[in-house]
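Contents: one structure, followed by commentary.
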Amino acid sequence: MINLCVLPSTASCRKAHRWLLEHRIPFHERNMNAQPLTETEIKHLLQYTYDGIDDLISTKSNAYRQLSKTTPIEDMPLSEAVHVLSQTPQLLRRPIIFDDHRLLCGFNQDEIRMFIPRDQRVLKMKSLAEHQMA
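As structure tokens, then:
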């Protein structure tokens with residue numbers, strides 16, 4: 043099952059929601075304001091990042107700018123940074139889309155395609171090949 047973690051007021055979250063619906067991909071949506079990610083969940087997501095905490099942080103958010111004035115999250119020990127992220131969901135990039143093997147932070151029209159089930163991608167490629175041969 044695909045998990046879509048959103049802050050509903052953001053355009054990128056609405057785009058991701060709409061994209062998943064348009065592609066008929068089942069997902070579970072979670073409002074991070076009402077139900078923030080736990081420290082355990084954030085640690086789990088870190089397993090799928092390339093650059094660790096940096097991949098999860100929204101450096102353009104007001105919460106990040108405010109925090110950077112006192113103690114930049116990049117300078118915190120990992121356990122403290124994870125705790126801060128769990129307490130302040132506005133620091134996280136959004137949407138956060140993940141399943142058991144993949145993670146996408148932020149909406150990207152090309153990268154979100156990784157969540158299209160393999161059988162649907164194969165059918166699409168066959169259809170494109172047949173169309174080009176005709």
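Using the numbering used here, the letters of the sequence shown map in sequence onto residues 43 to 176.
Glycine included, every Cβ here is placed at the ideal spot set by N, Cα and C.
Quick caveat: nothing in here was measured; it's all calculated off a predicted structure.
In whole angstroms, what separates the C-alpha of residue i from that of residue j?
{"i": "Phe149", "j": "Glu71", "result": "15 Å"}
{"i": "His143", "j": "Asp117", "result": "28 Å"}
{"i": "Gln89", "j": "Leu145", "result": "9 Å"}
{"i": "His86", "j": "Ser169", "result": "37 Å"}
{"i": "Arg107", "j": "His173", "result": "50 Å"}
Just verifying my parser: in three-state terms, what is the DSSP assignment at residue i?
{"i": "Leu145", "result": "strand"}
{"i": "Asn45", "result": "strand"}
{"i": "Ile138", "result": "strand"}
{"i": "Ser103", "result": "coil"}
{"i": "Thr112", "result": "helix"}
Does residue i pass the burial test, meaning 16 or more other C-beta atoms within 10 Å, or should it be called exposed?
{"i": "Pro119", "result": "exposed"}
{"i": "Ala123", "result": "buried"}
{"i": "Arg136", "result": "buried"}
Since residue i and residue j should fall inside the 8 Å C-beta cutoff, what is the C-beta to C-beta distance between them, to a whole number of angstroms?
{"i": "Ala58", "j": "Ile158", "result": "About 13 Å; that fails the 8 Å criterion."}
| task | Let me know the alpha helix (DSSP H) ranges lying completely inside the segment 57-100, each 4 residues or longer, listed in chain order. | result | Fully enclosed alpha helix (DSSP H) runs of 4 or longer: 81-88 and 95-98.
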